[in-house]
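A.B. asks:
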Amino acid sequence: MNIRGPYGRRAFLTTAGAALAAPAFLNGRVLADQKPIRVGFITPQTGPLAFFGEPDEFLLTRFKPVLEKGAGGRSIEIVVRDSQSNPNRASELANQLALKDEVQLIVTAGGPDTVVPVADQAEANGIPMIGTACPWQPFVFGRNSSPEKGFDWTYLFAFGLEDVIAAYLGLWSTIETNRKVGLLFANDADGNAWGDPKFGFPPALTKAGYTFVDTGRYTPLAEDFTAQISKMKAAGVDIVAATMIPPEFFAFWSQAKQQRFHPKPATIGKSLLMPTTLDAIGAPGDGLSSEVAWHPSYPSRSTTTGDTSARLAADWEKDTGKQWTQPVGLKHALKDVAIDVLQRTDDPQQPDSIIKAIKATGTDTVLGTVGWSKTEIRNVAKTPIVGGQWRMTGGKFDIAVCANPTSATIPVADKLHALV
């Protein structure tokens, strides 16, 4: 694992392994009781999804006092593993954490290509798991289950595609278009879910009175989008909806400009979560839009640390010198929920005890309240998502919340402006 940033390896390992500093006692039973509670944390710190892992060091440092305090007199040790943005690697790591590292709980975030394979292994090994930053549809349907059936060991708190679609439609409703949408999805877990003919964008667009052109499923990490752009131009598409990783989006948007394809809104999932993507594009990125899974304007507060969304974003920028990003809030909430669960668990050594605590969760995070007791989708707790637009001001990109159709408590700053 490559430890970088303002904290360095020493601070990171001190945080992740804070439990090792716990006092030891000569009595064998007491020694056993003082062993830390081990939590496996699978996160993409390298590869094309590395932006999801960027906040990890900062947050482990921020949660250090809470980890040292732990639960039930035992500190909490976070065992960090880098998925390298590879689903197969994520699966292998989850298996290792369960069988070799003997963790009591696994947590993960980083889209379906991280969360789904980790969940599959946790379920197979009977290890409690909590994930986030993944729409619930690939988590449920992508694992051959249903909202009614669910799972025994694996839980998710996140938005659904229905919320993403509502946010996109809310954005587009404020500008004049011909209501023709070009769909651009990869042949991966995310793309296949977004383009699913039963629960993805196609049926929702038809129901809302839009027509669409599905350009098919491109190969992940594709570099040539000429065929897809030509297909959208020929159909007279005014709107683009996509979910892409940054390298794919860079290629697509550059080629769209070269081919004089100018959609009025281009709303792009996943790759536009980070301002660094916009910084790399420069002026052609002004006005692009996307879903927003966390924003400093979210009006909620963490029970565990007392952080508000505004304070968390400000401290991130002060401590790292970088602009806030959505994964900062998502990963903060993940630690919030995991710690809350362990603090309410009667016996962390017993998986059934942890599951009992998960089911009874009702904790406040910077995303809002997370709980599984009143959900209509087994094993899934819904969290807010809104639509936003990136605007360049003074050479810096900021994202403004422009649509909140399913999350009325999150304030809207402005309406969407057309790109052309």
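Residue numbers for the sequence shown, in mature numbering (1 follows the signal peptide of the UniProt record, and there is no 0): -21 to -1, 1 to 399. Beta carbons are placed, not taken as given, at the ideal position from N, Cα and C, and that holds for glycine. This one's a predicted model, so the numbers in the text were calculated from it and none came from an experiment.
1) Please name the residue, chosen from 229, 182, 201, 237, that lies closest to residue 209 on a Cα-to-Cα basis.
2) At which residue ranges does the region 166 to 251 contain complete beta strand (DSSP E) runs of 3 or more residues, listed in the order of the chain?
3) Buried or exposed, going by whether 16 or more other CB atoms sit within 10 Å of the CB of residue 227?
4) Using a 10 Å radius around the Cβ and a threshold of 16 neighbouring Cβ atoms, would you call residue 241 buried or exposed?
5) Taking the alpha carbon of residue 362 as the reference point, which residue from 124, 349, 371, 373 has its own alpha carbon closest?
6) In the DSSP assignment, the alpha helix (DSSP H) including residue 134 goes from what residue to what residue?
7) With 16 other CB atoms within 10 Å as the buried threshold, where does residue 395 fall?
8) Taking 8 Å as the limit between beta carbons, can you name the residues of its chain near residue 185, skipping five residues before and five after?
9) Would you mind sorting residue 381 into buried or exposed? The rule is 16 or more other CB atoms within 10 Å of its CB.
10) Should the region 363 to 378 be called in touch with the region 267 to 287, which here means at least 3 C-beta pairs below 8 Å?
11) Could you please give the first and the last residue of the uninterrupted beta strand (DSSP E) stretch that includes residue 61?
12) For the alpha helix (DSSP H) that contains residue 47, what are its first and last residues?
13) Taking the alpha-carbon positions, what's the residue 385 to residue 176 distance?
14) Work out the CA separation of residue 129 and residue 115 for me, nearest whole Å.
15) DSSP three-state label for residue 149, please.
16) If you drop the 5 nearest sequence neighbours on each side, which residues of the same chain put their C-beta closer than 8 Å to that of residue 42?
17) Check for me: the beta strand (DSSP E) holding residue 20 runs from which residue to which?
18) Alpha carbon to alpha carbon, how far is residue 148 from residue 56?
19) Using the three-state DSSP reduction, which class does residue 161 fall into: helix, strand or coil?
20) Take the Cβ of residue 278 as the centre, count every other Cβ of all protein chains shown within 10 Å, and call the residue buried at 16 or more, exposed below.
21) Based on the DSSP secondary-structure assignment, which residues constitute the bridge partners of residue 368?
22) Among the candidates 243, 139, 77, whose CA atom is the shortest distance from the CA of residue 217?
23) In this structure, what does DSSP give as the bridge partners for residue 119?
24) From 306, 189, 20, 137, pick the residue whose C-alpha is nearest to that of residue 80; which is it?
25) My output table needs one value for residue 294: the three-state DSSP class, helix, strand or coil.
26) Please report the straight-line C-alpha distance between residue -2 and residue 332, rounded to a whole angstrom.
27) Using a Cβ-Cβ cutoff of less than 6 Å, which residues in the same chain neighbour residue 371 once the five nearest sequence positions on both sides are dropped?
28) What is the residue span of the alpha helix (DSSP H) that residue 318 lies within?
29) Give me whichever residues DSSP pairs with residue 28 in a beta bridge.
30) What do you reckon, are the CB atoms on residue 194 and residue 161 nearer than 8 Å?
31) Just reading off the alpha helix (DSSP H) that residue 354 is part of, what are its end residues?
32) Apart from the five residues on each side of it in sequence, which residues of its chain come closer than 6 Å, Cβ to Cβ, to residue 376?
33) Since residue 88 is in the beta strand (DSSP E), which residue starts that stretch and which ends it?
34) Mind checking which residues open and close the beta strand (DSSP E) that includes residue 301?
35) Measure the alpha-carbon distance for residue 100 versus residue 73 and round it to whole angstroms.
36) Using alpha carbons as the reference points, say which of 281, 336, 326 lies closest to residue 309.
C.D. replies: Checking against the coordinates, here is how it stands:
1) Your numbering for residue 209 matches position 230 in the sequence shown. The shortest C-alpha to C-alpha distance from residue 209 to any of 229, 182, 201, 237 is the one to 237.
2) Counting only runs of 3+ residues, the beta strand (DSSP E) found wholly inside the region 166 to 251 occupies 190 to 197, 218 to 223, 245 to 249, in chain order.
3) Working through the sequence shown from its first residue, we reach residue 227 at position 248. The residue is buried, with at least 16 neighbouring Cβ atoms inside 10 Å.
4) On the sequence shown, position 262 is the one that residue 241 refers to. Per the 10 Å Cβ criterion, exposed.
5) Within the sequence shown, residue 362 is the residue found at index 383, counting from 1. Proximity to residue 362 across 124, 349, 371, 373 peaks at 349, based on C-alpha coordinates.
6) As a first step, residue 134 must be located in the sequence shown, where it is residue number 155. Counted as a single uninterrupted DSSP element, the stretch harbouring residue 134 is not any alpha helix (DSSP H) but the beta strand (DSSP E) occupying residues 133 to 137.
7) As a working note, residue 395 is residue 416 in the sequence shown. Per the 10 Å Cβ criterion, buried.
8) Within the sequence shown, the letter at position 206 stands for residue 185. Contacts found: 191.
9) Taking the first residue of the sequence shown as 1, we reach residue 381 at position 402. That one is buried.
10) With the cut-off at 8 Å, the region 363 to 378 and the region 267 to 287 touch.
11) As a position in the sequence shown, residue 61 is number 82, starting the count at 1. Its beta strand (DSSP E) spans residues 55 to 61.
12) Here residue 47 refers to the residue found at position 68 of the sequence shown. Unbroken alpha helix (DSSP H) run through residue 47: 43 to 48.
13) Position 406 of the sequence shown, counted from the start, is the residue given in the question as residue 385. Position 197 of the sequence shown, counted from the start, is the residue given in the question as residue 176. Residue 385 and residue 176 have their C-alpha atoms spaced approximately 22 Å apart.
14) Looking up residue 115 in the sequence shown gives position 136. Looking up residue 129 in the sequence shown gives position 150. Residue 115 and residue 129 have their C-alpha atoms roughly 11 Å apart.
15) Translated into positions along the sequence shown, residue 149 becomes position 170. The answer is helix: DSSP assigns residue 149 an H, G or I state.
16) Within the sequence shown, residue 42 is the residue found at index 63, counting from 1. If the five residues before and after residue 42 are omitted, its C-beta is found closer than 8 Å to the C-beta atoms of -7, 283, 284, 314, 318, all from its own chain and listed in chain order.
17) Start at 1 with the first residue of the sequence shown, and residue 20 comes out as number 41. Bounds of the beta strand (DSSP E) holding residue 20 are 16 to 22.
18) As a first step, residue 148 is located in the sequence shown; it is residue number 169 there, counting from the start. As a first step, residue 56 is located in the sequence shown; it is residue number 77 there, counting from the start. Near 43 Å, if we compare the C-alpha coordinates of residue 56 and residue 148.
19) Translated into positions along the sequence shown, residue 161 becomes position 182. Here residue 161 carries a strand assignment [DSSP, helix/strand/coil].
20) In the sequence shown, residue 278 corresponds to position 299, counting from 1. Exposed, since its Cβ has fewer than 16 Cβ neighbours within 10 Å.
21) For the purposes of this step, residue 368 is identified with residue 389 of the sequence shown, where counting begins at 1. Looking at the DSSP output, residue 368 bridges to 268, 379.
22) The sequence position of residue 217 within the sequence shown is 238, counting from 1. The candidate whose alpha carbon is nearest that of residue 217 is 243.
23) Your numbering for residue 119 matches position 140 in the sequence shown. Listed as beta-bridge partners of residue 119 by DSSP are no residues whatsoever.
24) Taking the first residue of the sequence shown as position 1, residue 80 is located at position 101. If we check each option's Cα against that of residue 80, 20 comes out closest.
25) Counting from 1 along the sequence shown, the entry for residue 294 is found at position 315. Note: residue 294 maps to helix in three-state DSSP.
26) By one-based count along the sequence shown, residue -2 stands at place 20. By one-based count along the sequence shown, residue 332 stands at place 353. Bear in mind that a pLDDT of 37 at residue -2, under 50, signals an unreliable position, so the model cannot answer this.
27) To locate residue 371, count along the sequence shown from 1; it is residue 392. 265, listed in sequence order.
28) Reading the sequence shown from its first residue, position 339 is the one you call residue 318. For residue 318, the enclosing alpha helix (DSSP H) starts and ends at 305 to 322.
29) By 1-based counting over the sequence shown, the position of residue 28 is 49. DSSP lists no partner for residue 28.
30) Along the sequence shown, one-based indexing puts residue 194 at 215. Along the sequence shown, one-based indexing puts residue 161 at 182. Going by C-beta atoms, residue 194 is nearer than 8 Å to residue 161.
31) Along the sequence shown, read from residue 1 onward, the residue named residue 354 stands at position 375. For residue 354, there is no enclosing alpha helix (DSSP H), since its DSSP letter is neither H nor E.
32) The residue given as residue 376 occupies position 397 in the sequence shown. In chain order, 254, 257, 369 place their CB closer than 6 Å to the CB of residue 376, counting only its own chain and leaving out the 5 sequence neighbours on each side.
33) Along the sequence shown, one-based indexing puts residue 88 at 109. Residue 88: member of the beta strand (DSSP E) spanning 84 to 88, first to last residue.
34) In the sequence shown, residue 301 corresponds to position 322, counting from 1. Note, residue 301: premise wrong, no beta strand (DSSP E); not H, not E.
35) Walking along the sequence shown from the start, residue 100 turns up at place 121. Walking along the sequence shown from the start, residue 73 turns up at place 94. Distance from the CA atom of residue 100 to the CA atom of residue 73, rounded to whole angstroms, is 6 Å.
36) Translated into positions along the sequence shown, residue 309 becomes position 330. Taking each of 281, 336, 326 in turn and checking the Cα distance to residue 309, the smallest one comes out for 281.
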